[in-house]
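Student:
2 protein chains.
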Amino acid sequence: MLKKILIVYAHQSAGSFNAAAKDAAVKVLTSQGCKVEVSDLYAMKFKASATAEDVTGTVKDAEHFQYGEETMLAWKEGRLSADITEEHRKLSEAAVVVFQFPMYWFTVPAIMKGWMDRVLTLGFAYTSEKRYSQGIFKDKKAMLSFTTGSHESMFSANGINGDMNVTLWPLQNGILHYCGFQVLAPQIFWPPPHIPSESRCSMLEAWRTRLEGHASFCLNVEPDVTTVHWCDCSH
Amino acid sequence: MLKKILIVYAHQSAGSFNAAAKDAAVKVLTSQGCKVEVSDLYAMKFKASATAEDVTGTVKDAEHFQYGEETMLAWKEGRLSADITEEHRKLSEAAVVVFQFPMYWFTVPAIMKGWMDRVLTLGFAYTSEKRYSQGIFKDKKAMLSFTTGSHESMFSANGINGDMNVTLWPLQNGILHYCGFQVLAPQIFWPPPHIPSESRCSMLEAWRTRLEGHASFCLNVEPDVTTVHWCDCSH
């Protein structure tokens with residue numbers, strides 16, 4: 001059986017560096033024998049806000065609506081909205097999840113936070129007993145792959161923004177590891193708009209090389225990677 | 001002139017503890033002579049996702065759409081969507097901004113992240129020269145006020161979730177302080193659903209007392225706070 005990879009992708013433009021990074025991942029991982037699915041959140045017009053509409057039928061307690069409890073119940077009873085159920089399927093089947101996004105305000109864009117809020121359902125993705133090292137997704141891997149708006153020096157331990165590892169803590173520990181994911185080192189693309197075109201190409205090349213090194217993501221299929229140049233990616 | 005306070009509020013239910021905390025703040029601060037505005041994000045069906053629709057008229061570069069650049073330009077030219085412009089007005093007029101929310105996945109819910117992504121527009125809320133101590137909102141104060149799903153011990157430095165101060169860093173430093181806000185100590189309501197009703201009442205009482213102590217939020221109007229009990233708030 002082919003290993004499946006899910007890429008949760010959030011950029012508005014097919015001409016963006018994020019799109020190029022996503023496309024490169026699809027190409028490399030597919031060539032290695034993985035089956036890759038992409039949740040293109042903006043293209044899907046993915047609903048970001050956690051509301052009672054995520055539950056079909058009657059909610060248990062409309063007056064004191066509690067999203068976590070209501071959606072857990074709906075999940076158990078097969079009453080979650082179709083878009084959440086479909087993301088559950090993708091996530092269940094995936095061995096690896098890659099989140100590809102431009103960092104907005106030191107974390108993921110709201111549309112991707114909405115994916116996390118709505119898809120990582122209580123019961124499905126975690127319980128109070130099953131979290132962190134005992135987490136439900138402990139056999140899965142996850143990675144953040146993102147572009148920044150600031151230079152690397154600003155995110156050093158002495159940088160004006162503080163250490164990037166601290167910035168990523170709530171995402172990597174609080175969300176991914178909480179659900180059990182083995183968190184792979186983040187792929188950080190320092191600000192594509194502020195560097196020369198050749199540097200953007202080098203970053204993409206390094207990304208492809210890194211993914212090729214992750215043959216363990218997929219079955220042991222002989223790599224057959226087509227070299228595609230993304231140097232025309234202007235952002 | 002009355003000082004204005006903006007409460008950005010995100011909970012789906014008027015029967016929630018978050019609603020009670022918001023209502024208590026409105027009542028206390030109004031009694032102290034402030035003018036309080038509330039952005040009730042779920043009630044407003046606030047759009048969370050940052051898209052080209054936030055710009056009216058033609059975008060500069062549709063093929064390589066860059067949200068930050070396009071919305072800065074639209075802001076300068078008065079072409080931002082009406083909902084963003086209205087939040088800009090509220091934010092401009094406010095001396096203090098309180099964010100009231102249930103913590104979702106170690107940060108704000110997606111709908112509130114959407115407020116941050118869309119309202120804290122490049123140019124309006126920050127520039128590369130005007131940030132942190134030189135930030136545009138350096139004469140304003142901001143505070144996070146939120147409920148948790150975990151007990152306090154889990155968020156201690158040795159707790160399973162790690163130190164709450166680290167969890168809050170991207171929000172408090174990366175968003176609020178970045179825009180210049182003087183960040184007030186957070187108001188943390190440890191998990192209301194997991195504690196006795198009397199403890200919930202005590203937390204609300206402490207919140208009211210804290211707000212009464214912030215007379216500097218408002219003009220020096222003699223406090224005339226009506227004591228309202230929220231002990232009937234079951235969540």
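Chains as they are written, first to last, in full-length UniProt numbering: chain P, 1 to 235; chain R, 1 to 235. Positions of the beta carbon are idealized from the N, C-alpha and C atoms, including for glycine.
#1: For Val38/R, which residues in the same chain have their Cβ closer than 6 angstroms to its Cβ, ignoring the five residues on either side in sequence?
#2: What are the residues of the stretch 111–125 of chain P that lie near chain R, defined by any Cβ-Cβ distance shorter than 9 angstroms?
#3: How many Å lie between Phe181/P and Ser31/P at the Cα?
#4: Quickly, what does DSSP pair Ser39/R with across the bridge? List them, please.
#5: Kindly list, in the order they appear in chain R, the residues whose Cβ is closer than 8 angstroms to that of Ile175/P.
#6: For the stretch 2–13 of chain R, enumerate the residues whose C-beta is nearer than 8 angstroms to any C-beta of chain P, in chain order.
#7: Please decide whether Asn158/P counts as near chain R, where near means a Cβ-Cβ distance under 8 angstroms.
#8: Thinking just about the alpha-carbon of each residue, which of Glu212/P, Thr167/P and Ala25/P is nearest to the one in Ser156/P?
#9: Strictly under 8 angstroms for the Cβ-Cβ distance: is His229/R near chain P by that measure?
#10: Which same chain residues end up closer than 8 angstroms to Ile111/R when comparing Cβ atoms and leaving out the 5 residues on each side of it in sequence?
#11: Alpha helix (DSSP H) containing Thr209/R: first to last residue?
#12: In chain P, which residues lie less than 8 angstroms from Thr167/R when you measure between Cβ atoms?
#13: Does any residue of chain P bring its CB to less than 8 angstroms from the CB of Ala43/R?
#14: Please confirm whether Thr127/P has its beta-carbon closer than 8 angstroms to some beta-carbon of chain R.
#15: Where does Phe99/P fall in DSSP's three states?
#16: Kindly list the residues whose CB is nearer than 7 angstroms to the CB of Thr71/R, restricted to its own chain and excluding five residues on each side of it in sequence; keep chain order.
#17: Whose C-alpha, out of Val119/P, Lys3/P and Val96/P, is nearest the C-alpha of Glu87/P?
#18: Please report how far the alpha carbon of Pro109/R lies from the alpha carbon of Ser145/R, in whole angstroms.
#19: I'd like to confirm the pairing. Which residues does DSSP put opposite Ile175/P in its beta bridges?
#20: When you measure from the CB of Thr147/P to every non-hydrogen atom of the ligand ZN, does any distance come out below 7 angstroms?
#21: Are the CB atoms of Thr209/P and Asn18/P nearer to each other than 8 angstroms?
#22: Can you name, in chain order, every residue of its own chain whose Cβ lies under 8 angstroms from the Cβ of Trp207/P, other than the five neighbours on each side?
#23: When you compare only the Cα positions, how much space is there between Glu93/P and Ile5/P?
#24: Taking a Cβ distance cut-off of 9 angstroms, strictly less, list which residues of the stretch 34–65 of chain P are near chain R, in chain order.
#25: Please check if any C-beta of chain R sits within less than 8 angstroms of the C-beta of Gly78/P.
#26: Enumerated in chain order, which unbroken segments of the alpha helix (DSSP H) with a length of 4 residues or greater are wholly contained in the stretch 61–102 of chain P?
#27: Is Val183/P near Ala142/P, with beta carbons less than 8 angstroms apart?
#28: With 16 as the cutoff for other CB atoms within 10 Å, does Asn158/R come out buried or exposed?
#29: Could you check which residue in Lys3/P, Arg89/P, Ser199/P and Ser202/P has the C-alpha nearest to that of Val96/P?
#30: Please list the residues of the stretch 183–204 of chain R that have a C-beta atom closer than 8 angstroms to any C-beta atom in chain P, keeping them in chain order.
#31: Can the beta-carbon of Trp169/R be found less than 8 angstroms from the beta-carbon of Gly162/P?
#32: For the candidate residues Leu171/R, Ser199/R, Met44/R and Gln66/R, whose alpha-carbon lies nearest to that of Gly15/P?
#33: Looking only at its own chain, which residues have a Cβ that is under 6 angstroms from the Cβ of Val36/R, when we skip the five neighbours before and after it?
#34: By Cβ distance, which residues of its chain are closer than 7 angstroms to Tyr178/P, with the 5 residues on each side in sequence left out?
#35: Using a C-beta cutoff of 8 angstroms, does Gly135/R count as contacting chain P?
#36: For my contact list, Ser13/P and His64/R are in at a C-beta cut-off of 8 angstroms; report their separation, rounded to the angstrom.
Tutor: The short version:
#1: Position 38 of the second sequence, counting from 1, holds the residue named residue 38/R. Here the set comprises Ile7 and Tyr9.
#2: Ile111, Met112, Lys113, Gly114, Trp115, Met116, Asp117, Arg118 and Leu120
#3: Within the first sequence, residue 181/P is the residue found at index 181, counting from 1. Within the first sequence, residue 31/P is the residue found at index 31, counting from 1. Going by the C-alpha atoms only, they are around 24 angstroms apart.
#4: As a first step, residue 39/R is located in the second sequence; it is residue number 39 there, counting from the start. In DSSP, Ser39/R forms a bridge with Val8/R.
#5: Locating residue 175/P in the first sequence gives position 175, where the first residue counts as 1. Ordered by position in chain R, the residues that pass the 8 angstroms Cβ test against Ile175/P are Trp105 and Phe106.
#6: Gln12 and Ser13
#7: Position 158 of the first sequence, counted from the first residue, corresponds to residue 158/P. Not closer than 8 angstroms to any Cβ of chain R, the Cβ of Asn158/P fails to qualify, so no.
#8: Indexing the first sequence from 1 puts residue 156/P at position 156. Among Glu212/P, Thr167/P and Ala25/P, the Cα nearest to that of Ser156/P is on Thr167/P.
#9: Locating residue 229/R in the second sequence gives position 229, counting from the first residue. Note on His229/R: pLDDT 33, under 50, position unreliable in the model; the coordinate value appears next. Judged by the 8 angstroms Cβ criterion, His229/R is not in contact with chain P.
#10: Position 111 of the second sequence holds residue 111/R. Same-chain partners within the cutoff: Ala10, Leu41, Tyr42, Phe46 and Ala48.
#11: Locating residue 209/R in the second sequence gives position 209, counting from the first residue. Thr209/R -> alpha helix (DSSP H) spans Ser197 to Gly213.
#12: Along the second sequence, read from residue 1 onward, the residue named residue 167/R stands at position 167. Those within 8 angstroms of Thr167/R in chain P are Trp169, Pro170 and Gly174.
#13: Mapped onto the second sequence, residue 43/R falls at position 43. So, not an interface residue.
#14: Mapped onto the first sequence, residue 127/P falls at position 127. Taking Cβ atoms only, chain R never reaches closer than 8 angstroms to Thr127/P, which makes this a no.
#15: Your numbering for residue 99/P matches position 99 in the first sequence. The answer is strand: DSSP assigns Phe99/P an E or B state.
#16: Residue numbering aside, residue 71/R sits at position 71 when the second sequence is read from its first letter. So the list reads Asp54, Val55, Leu80, Thr121 and Leu122, once near-sequence residues are dropped.
#17: For the purposes of this step, residue 87/P is identified with residue 87 of the first sequence, where counting begins at 1. Considering only alpha carbons, the answer is Val119/P.
#18: Taking the first residue of the second sequence as position 1, residue 109/R is located at position 109. Taking the first residue of the second sequence as position 1, residue 145/R is located at position 145. Approximately 13 angstroms, taken between the alpha carbons.
#19: Residue 175/P sits at position 175 when you count from the first residue of the first sequence. Ile175/P is not bridged to any residue.
#20: Here there are no bound small molecules, and the ligand ZN is not part of this structure.
#21: Within the first sequence, the letter at position 209 stands for residue 209/P. Within the first sequence, the letter at position 18 stands for residue 18/P. No, Cβ-Cβ distance for Thr209/P and Asn18/P is not below 8 angstroms.
#22: Position 207 of the first sequence holds residue 207/P. Result list for Trp207/P: Ala21, Ala24, Ala25, Ser145, Gln187 and Phe189, in chain order.
#23: Sequence index remark: in the first sequence, residue 93/P carries index 93 (1-based). Sequence index remark: in the first sequence, residue 5/P carries index 5 (1-based). Using only the alpha carbons, I get a separation of about 8 angstroms.
#24: Leu41, Tyr42, Lys45, Phe46, Lys47, Ala48, Ser49, Ala50, Thr51, Ala52, Asp61, Ala62, Glu63, His64 and Phe65
#25: Here residue 78/P refers to the residue found at position 78 of the first sequence. Not closer than 8 angstroms to any Cβ of chain R, the Cβ of Gly78/P fails to qualify, so no.
#26: 67–76 and 82–93
#27: On the first sequence, position 183 is the one that residue 183/P refers to. On the first sequence, position 142 is the one that residue 142/P refers to. Yes, the pair counts as a contact, with Cβ atoms nearer than the cut-off.
#28: Stepping through the second sequence from its first residue, residue 158/R is reached at position 158. Under this definition Asn158/R is an exposed residue.
#29: As a first step, residue 96/P must be located in the first sequence, where it is residue number 96. Closest by alpha carbon: Lys3/P.
#30: Pro193
#31: Counting from 1 along the second sequence, the entry for residue 169/R is found at position 169. Counting from 1 along the first sequence, the entry for residue 162/P is found at position 162. The answer is yes: Cβ separation under 8 angstroms.
#32: The count along the first sequence starts at 1 and reaches residue 15/P at position 15. Here the closest residue by C-alpha is Gln66/R.
#33: Locating residue 36/R in the second sequence gives position 36, where the first residue counts as 1. Hits under 6 angstroms: Ile5, Val26, Leu29 and Thr30.
#34: Here residue 178/P is taken as the residue at index 178 of the first sequence, counted from 1. Excluding sequence neighbours, Tyr178/P sits near Tyr126, Arg131, Tyr132 and Gly135.
#35: The residue you call residue 135/R lines up with position 135 of the second sequence. Judged by the 8 angstroms Cβ criterion, Gly135/R is not in contact with chain P.
#36: Translated into the one-based positions of the first sequence, residue 13/P becomes position 13. Translated into the one-based positions of the second sequence, residue 64/R becomes position 64. Their Cβ separation, rounded to whole angstroms, is 6 angstroms, which keeps Ser13/P and His64/R in contact under 8 angstroms.
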